[in-house]
Amino acid sequence: MSDPIGLALAILGLPLAAAVLAALLSWTKLAKAAHVPLVVACAAAAVLGVMLLLKVGEGPDYRFVSTPVTWFSAGHLTVNFTVTVDPLSSVMLAMIAFVSTWIAIFSAGYMHGDGGYGRYFAVMSLFVFSMCGLVLANNFLLLVAFWEGVGLCSYLLVGYYFEKPSAASAARKAFLVTRIGDTGFLLGIFLLWKMGNWNTDLTALFDYLKDHPPDQAELTTACLLLFCGAVGKSAQFPLYVWLPDAMEGPTPVSALIHAATMVTAGVYLLARCAPLFVMSPDAQAVVAWAGGVTALLAAFLALAQTDLKRVLAYSTVSQLGYMFLALGTGGAVSPAFAVTAAMFHLFTHAFFKALLFLSAGSVMHAMGGVIDVRKFGGLRRLMPVTHLTFLCGAAALAGVPLLSGFWSKDLILESLTGAGASGRPYATGYFVLAVVAFLTAFLTAFYTFRAYFLTFWGPERVPEEAGHHAHESPAVMTIPLVVLAAGALFAGAVAEPFTHWFSNFLGHTPSLHQAEPAEHHFDWTTAGVGTALVVAGIGLAFLWYRKGTEGEPAGLKPAFALSRNKLYVDEVYEAAVVRPAGVLAFLSKALDGFLDALARLIAAVPRFVGDLARPVQNGLVQFYALSMALGLAVFLTFVVFRVAR
Amino acid sequence: MDRFFDAVASPLTGRALILALVALPFLAALALPLLGRAARRVALVVALLHLGLTAAVVFFASIQISARAELAGAVRDQAALRFQPGYVPGDTAGRHGEDNRTGWTLMSLAPPSPGGKAGPAVQFFLGVDGLNLWLAALASVMLLPAILVSWDAVTDRPGAFYGWLFLLQGAAVGAFLSFDVILFYAFFELTLIPAFFLIGRWGTGSARRDAARKFFLYTLAGSLLTLVGVIGVVLTNPDPVTGRVTFSLPDLMGNVSFYLDQAHQEALAGRGEKLAALQQTQGFLFLALMAGFLVKVPVWPFHTWLPAAYSEAPIGVTILLSALLAKLGTFGIIRFVLPLTPDAAVMYGLPVVGLLAAFGIVYGALCAYDQKDMRLTVAYSSVSHLGFLVLGIFAFNAEGLSGATLHMVNHGLSTGAMFALLGFLLDRYRTTQAGRFGGLMGRFPNYAVFFFLVALAGIGLPGLNNFVSEMLMLAGLFAARDGGAPGYGLAVVAAVGIFLSAWYVLTMLRRVFFNPLREPEPADAAVRPADVTRREFFAFGIPAGLCVVLGLFPQPVLDTIKPDVTVLTKVGEAARARVAGVPVPAEPESPPPPKAPAPKPKDKKETPKKVNPKKDAPKKDGKNPKGGEEDEG
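Line by line, the protein sequences give chains C and P.
Count along the first sequence from 1, then add 4; that gives the number in the working numbering.
Count along the second sequence from 1, then add 16; that gives the number in the working numbering.
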């Protein structure tokens, strides 16, 4: 058990066993205990995850690759079951196991008494398994397998309340929109396979490409195709539309899958493939711009949402955009620094966003399933614990100094300003993106605290659906909140600014160039400007929403209306993509009728010819005798004339 | 124990098994019509017996073929460029030897020549190799769900129904196992007769007679052209030494490559007329041969018989039509078109047929989306998936052909299972209109599990069977040597096709399994429809379970496919060289150096050997560059 690969496989095996066990339990009378396997498996995995971190941190080897076992192989294509353990994957693994433990505990309370209890926990376990597999996989197609696996679990959990038509559409949308990205992802993989000497193992492929630099245009194409997959999975512009709808699922699902883990898979993918992206500045720039556009756009859309979970969903989209911003600077600043910034934000974001979602779930639980901030307010006194934990999460997300979000956001801003000043290609663009990032930071602080004030401040209002539920949640739900709140407050400060644990550890990842060590100094200007913007955003929110009701000035109403209607992006997609596809399908069906008619027409030719000839066969003996006589006459005439000549 | 094993696995046993595999369904077809109500039980027993025989054949043959895989890599002469059927009944080498040809003559075209040698003859030439082994197994497996879903649904003269069903299966098995071109053709056409009567007599729709007639005439029209092509190939490729025509496929392959090789040498020496003439002839023969197979697959735009036939036929028959008969078309292309007209397959394969197939992928998906009847959705999805399969075939390289051969089995399993699952609804509600259902996930939870599993297999979810074969075919398109940019274009279309399949399948799932509960009037008003019964559990569980097994452990199947795919790959390499006008590469299509030491025969896939971390890193670094050098050569 002491070697890293063994530990990693144990972590992988635990949730799989839990999934099988939960599925079996759900068939028996013990369905009420279906949460036990997941909680136990995750807790054990979290312990093992910490052990793994310590083990990997020891050095001097920082990369362990398991012996490949062939999954399938023909011709040049060989696909292996193989995993890799390095600082990057072990950090992810530990984070996933830790967060999912607390979310699993929370779920036990949140889903209590629900009809599909066993199904819920079976799929959740399967998800944790797939997610662990995703970060461990050392083969592109194996990665795709787990990548689709988490997508499937997301589909099943978003559509958990299957009788709800909105949940049904959201589930399908989530799967299909990410699948658009996955199509590109697959093509990118095969392009790399062809470029990289028919390798599909990540480590072998990267090593080969490092020694045999490929054609620049081809590499950029491949990188962008890989990025397509990340865009779909991590809900970036233009494929972000599925994530807000995915909030139809149970709230713990949103916390685990759509905030802390699955949606960050795209960020992880790019971090893992950093050796490729470093070689292609063009692809890096595209990544940065996609991230920047998404960060700003989603922050704007979050401004005026009235559904608490949707505010958080857009905020997730926006924060993921932030991570891609950092990843996109990988060529202009040291790749290790860029990846560290993105991964560190991913790490802290997992804590505070999971916390925010779970707090929102706690509110929703108390309000009888209502999540519209207009229908309730002033819950400060009714739900004191939830109020405080939500406040911790909101402050961390907004980037209040010294909390987790502050440190990671600061790192990203530094990477951007650094890239802007680097003088490398696209430096001006990075400078513009840095401005975008600052603007986003301001908006983030504003919308987060708008949601906070609308929910917890002002006079107490409770919707009638709440009934007798309107009280603080039970301990099984509040304890996870408190634990995650501690993480949201302190994880960032402990891990990075004073100790540099995180960046040192991640810097050991062999795939990140170690030539330029990731030294960075705390930049007071960046931090100062960032803090000022955060304070301004929170202050503005306090000014307008402290009464617990909407209070934005009339002059801004149109902008807020635009934000509330999501810039009509869904409508545009409906008109530009969904409808035309439906029309095309209808036309194809019509064409099919035409083809069938054509085939019938051709088939009718023999009958038509037959119809022409049929009168000759009329069954009258006299007619046959007559035609025989005439025929004979013609023949004889012919012969006579031929012979006579 | 070993001696016992050797005795059981001797060629003689294998030959007897092969004969029984073909004969048993025919005997059953003769006997079953005499029985009345008991027919279905007898049919089930016979089907299980057949499955047992198949299991035995698969067990012995896969060992034998995998052993040959080692050999095939080593032999690089002309003899390697022909199929090598094993377990040939009537093998001329006698009781215990094997020379892979038969002495059983069906019909002699000329009296024995003075030397005492037999004249050209159509032979009863059956055998098994990597290409047909799994398809024969598929034919055996899929009969079970076909019988089980017909259990209660067919009440009208069940004896005759099951008799025809077995005739259909027997003809399909016979066609898969044939190595004589005329014998193959006879079996190929024989499938039409039972299908015609099954659709026309027991069909469920009002237009069943029309559908049966259309199916029969359309496919017959195509396959008559194929007969012309077959005869053309036979006449243009007599034995170079004796000048005698032959109907044996391995011999024909040898002759074809002999003539082409000869012409190729001349062309390289500057006299290209002979090669040009041969290639022109091949072009015509290719068209003729393809005609029947294009209809049978079907490739757009020759698919219009399919929706009617699939939706009008009784559901048990639809299972066999989709799982087996469609595969006869693709199998025919791999087995006959590629080896007999290789140059034309290179010249017109991807550029012409591939274009049609690629169009069909998108077109079939669009049509599938817009159907109201789920049976039609699945029918059109077949058009789409089989388009992908045809692309994989014409990539004409190891990845594409392995993927295509595997995909025939995979698609047969998942589509057959899908139709079987629709039989569940037909039994209970007499309809498969998607719009009349809703929320079935809560109503029939066990049914939903099966349905989701099979539907997800169909859209290529990793871990299930179709993913493996689709990835291989996609790789084949990327690696297509002659493809270049158009190859990438086709690969993009194929990948888009995978996305589109998710689109229409998930739309169907949303309608039927999500949303508030909605169910039509039950067929039997007195009984509230219940969830999956034990009979249905086996009908769905067998193919669904195989979908999972083949998704996780496809390598044993791929290993048996490999030797024959290697043969075809070499044929393809030579054809590409001729078309390009260059000498055949000395070391054609060398298999890549295994990046990992090939897994020792070890069953537990989940436990990679634990490596000492200290030792691991240098070892790996040393290995990768080496892999690179070998492949670059």
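Yeah, the Cβ is synthetic: ideal placement off N, Cα and C, and Gly gets one too.
- Rounded to the nearest angstrom, the gap between the Cα atoms of A45 (chain C) and V297 (chain C) is 39 Å.
- Between L537 (chain C) and F446 (chain C), the C-beta spacing is below 7 Å.
- Contact between the stretch 379-392 of chain C and the stretch 454-472 of chain C is established, with three or more Cβ pairs separated by less than 8 Å.
- By alpha-carbon distance to A175 (chain C), the top candidate from C:C157, C:S70, C:D65, C:F380 is C:C157.
- Taking a Cβ-Cβ threshold of 7 Å, the residues of chain C close to L477 (chain P) are E152, L156, in chain order.
- Rounded to the nearest whole angstrom, the CA to CA distance from P601 (chain P) to V425 (chain P) is 32 Å.
- Residues of chain C whose Cβ lies closer than 9 Å to the Cβ of E415 (chain P) are, in chain order, A78, G79, H80, L81.
- The stretch 464-474 of chain C and the stretch 221-235 of chain C do not touch, with fewer than three beta-carbon pairs separated by less than 8 Å.
- For Q295 (chain P), the uninterrupted alpha helix (DSSP H) run begins and ends at 289-312, by DSSP.
- DSSP, read as helix, strand or coil, puts S338 (chain P) in helix.
- Around W197 (chain C), the beta-carbon contacts reaching into chain P at under 9 Å are A491, F494, A495.
- Only those residues of the stretch 595-617 of chain C whose C-beta falls short of 7 Å from the nearest C-beta of chain P are listed: D596, L599, D600, A603, A607.
- Membership of Q139 (chain P) in the beta strand (DSSP E) is indicated by the continuous run 137-139.
- Within the same chain, Cβ atoms closer than 7 Å to the Cβ of A279 (chain P) are found at K290, L291, L294, the five residues on either side in sequence being excluded.
- Residue environment: S485 (chain P) is assigned as buried (16 or more neighbouring CB atoms within 10 Å of its CB, all protein chains considered).
- For the stretch 437-467 of chain P, the beta-carbon criterion of a distance under 8 Å to any beta-carbon of chain C is satisfied by G455, M457, G458.
- Counted as a single uninterrupted DSSP element, the alpha helix (DSSP H) harbouring T105 (chain C) occupies residues 91-114.
- With a beta-carbon spacing of about 17 Å, A495 (chain C) and F361 (chain C) fall beyond the 8 Å limit used to define contacts.
- Around Y577 (chain C), the same chain offers V245 as residues with beta carbons nearer than 7 Å, after the five sequence neighbours per side are excluded.
- The Cβ neighbour count for V394 (chain P), taken over all protein chains shown within 10 Å, is at least 16; the residue is labelled buried.
- Put simply, the backbone Cα of R526 (chain P) is about 45 Å away from that of A499 (chain C).
- Counted as a single uninterrupted DSSP element, the alpha helix (DSSP H) harbouring L20 (chain C) occupies residues 8-29.
- The Cβ atoms of A539 (chain P) and Y396 (chain P) lie no closer than 7 Å to each other.
- For F412 (chain P), the closest Cβ of chain C is not nearer than 7 Å.
- Annotated as proximal: L81 (chain C) and A491 (chain P), with beta-carbon spacing under 7 Å.
- G137 (chain C) and L16 (chain C) have their C-alpha atoms spaced approximately 6 Å apart.
- Distance from the CA atom of G409 (chain C) to the CA atom of F189 (chain C), rounded to whole angstroms, is 30 Å.
- Annotated three-state conformation of F195 (chain P) is coil, per DSSP.
- Counting only the Cα atoms, L209 (chain C) lies some 14 Å from M283 (chain C).
- Residue environment analysis places G543 (chain C) among the exposed positions, since fewer than 16 neighbouring C-beta atoms fall within 10 angstroms of its C-beta.
- Annotation: Y275 (chain P) to A155 (chain P) spans about 36 Å, alpha carbon to alpha carbon.
- Residues A187 of the same chain have their beta carbon placed closer than 6 Å to that of L206 (chain P), with the five preceding and five following residues left out of the count.
- Remark: C-beta atoms of A299 (chain C) and G325 (chain C) approach each other more closely than 7 Å.
- Of the other Cβ atoms in all chains shown, 16 or more fall within 10 Å of the Cβ of K586 (chain P); this residue is therefore buried.
- Among the CB atoms of chain C, one or more fall inside 7 Å of the CB of T320 (chain P).
- With a cut-off of 8 Å on Cβ pairs, the stretch 208-215 of chain P is not in contact with the stretch 263-277 of chain P, counting fewer than three such pairs.
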